[in-house]
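**Student:** 335 is the number of the first residue of the sequence shown in the working numbering; add one for each residue after it. Idealized CB from N, CA, C, for every residue including glycine.
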Amino acid sequence: MARVVHSYDDPDRFVAGTVGEPGARTFFLQARSGTRLTSVACEKEQVMALAERLDVMLDEVARRFDREPAPQVGVDDTDPLEQPIEEEFRAGTMTLAWEADSERVVIEVFAVVTGEQAELEEADPVTAALESEESEVFIVRISEEQARAFARRAVALVASGRPSCPFCGRPIDPEGHICPRANGYRRHVRE
């Protein structure tokens, strides 16, 4: 069986978004070109790491190639994810690269490795890499402007979740929070 590749070159839209209420949200990466739509489920930490690494990489590109960072053009995309949201796969490993010739950011998101594949990866990484050609991958090539806009939206999206405990930094649920820094004493959210 061949690898399934969901590839987008200069998509009309590439965003991170969520479904659900804070504390029970599912995060997605979503790309659209015309009527074609791909949604990949991922973890909040993956979205944040991707946003942070995009900014770091683009700052480094600007420094190395002695160029000004791309200016923010237009209004950021704050619209919800497009419907219907049909999860293609759950994100595992992500890679990030800069194509200097085309001046494009390349984001690759590979399906999470489970079961026998994970065991094989631990035992024999070389064979596992060859056999992983059967998994799915989501590839997006975007401009620097699109990448910066994605990063801004992703940071705002993650920040819009549950507030953090000032003592331990963990999220506070609406019904309260058991803080490990307070020896398990329940700190209630006051209304």
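(1) Between the C-alpha atoms of residue 395 and residue 498, what's the straight-line distance to the nearest angstrom?
(2) Between the C-alpha atoms of residue 484 and residue 423, what's the straight-line distance to the nearest angstrom?
(3) Just checking residue 383 against the ligand GDP - is the residue's beta carbon closer than 8 Å to any of the ligand's heavy atoms?
(4) Residue 364 bridges to which residues according to DSSP?
(5) Can you list, in chain order, the residues of its chain whose CB lies under 6 Å from that of residue 473, leaving out five sequence neighbours each side?
(6) Assess, as a yes-or-no matter, whether the stretch 373-380 is touched by the stretch 475-483 under the definition of 3 or more beta carbon pairs within less than 8 Å.
(7) On the criterion of 16 or more Cβ atoms from any shown chain inside 10 Å, does residue 501 qualify as buried, or is it exposed?
(8) Should residue 417 go down as buried or exposed, given a rule of 16 or more other Cβ atoms within 10 Å for buried?
(9) Per the DSSP calculation, residue 429 is bridged to which residue(s)?
(10) Under 6 Å Cβ to Cβ from residue 385, same chain only, skipping five residues before and after it: list those, please.
(11) Apart from the five residues just before and just after residue 410, which ones in its own chain have a Cβ nearer than 7 Å to its Cβ?
(12) DSSP three-state call for residue 410: helix, strand or coil?
**Tutor:** Looking at the coordinates:
(1) As a working mapping, residue 395 is identified with position 61 in the sequence shown. As a working mapping, residue 498 is identified with position 164 in the sequence shown. The straight-line gap from Cα to Cα measures roughly 33 Å.
(2) On the sequence shown, residue 484 is found 150 positions in, with the first residue counted as 1. On the sequence shown, residue 423 is found 89 positions in, with the first residue counted as 1. Approximately 20 Å, taken between the alpha carbons.
(3) As for the ligand GDP, it is missing from this structure, which has no ligand bound.
(4) For the purposes of this step, residue 364 is identified with residue 30 of the sequence shown, where counting begins at 1. In DSSP, residue 364 forms a bridge with 349 and 373.
(5) For the purposes of this step, residue 473 is taken as residue 139 along the sequence shown, with counting starting at 1. For residue 473, the CB contacts under 6 Å within the same chain, skipping 5 residues up- and downstream, are 341 and 442 in chain order.
(6) No contact exists between the stretch 475-483 and the stretch 373-380.
(7) As a first step, residue 501 must be located in the sequence shown, where it is residue number 167. When all chains shown are included, residue 501 counts as exposed.
(8) Position 83 of the sequence shown holds residue 417. So residue 417 ends up on the exposed side.
(9) Taking the first residue of the sequence shown as 1, we reach residue 429 at position 95. Beta-bridge pairing links residue 429 to 442.
(10) On the sequence shown, residue 385 is found 51 positions in, with the first residue counted as 1. Shown here for residue 385: same chain residues with a beta carbon closer than 6 Å to its own, the five before and five after excluded, namely 485, 488 and 489 in chain order.
(11) Numbered from its first residue, the sequence shown carries residue 410 at position 76. Only residues of its own chain outside the window of five on either side were considered, and among them 483, 486 and 487 have a CB closer than 7 Å to the CB of residue 410, listed in chain order.
(12) Here residue 410 corresponds to residue number 76 of the sequence shown, with the count starting at 1. Note: residue 410 maps to coil in three-state DSSP.
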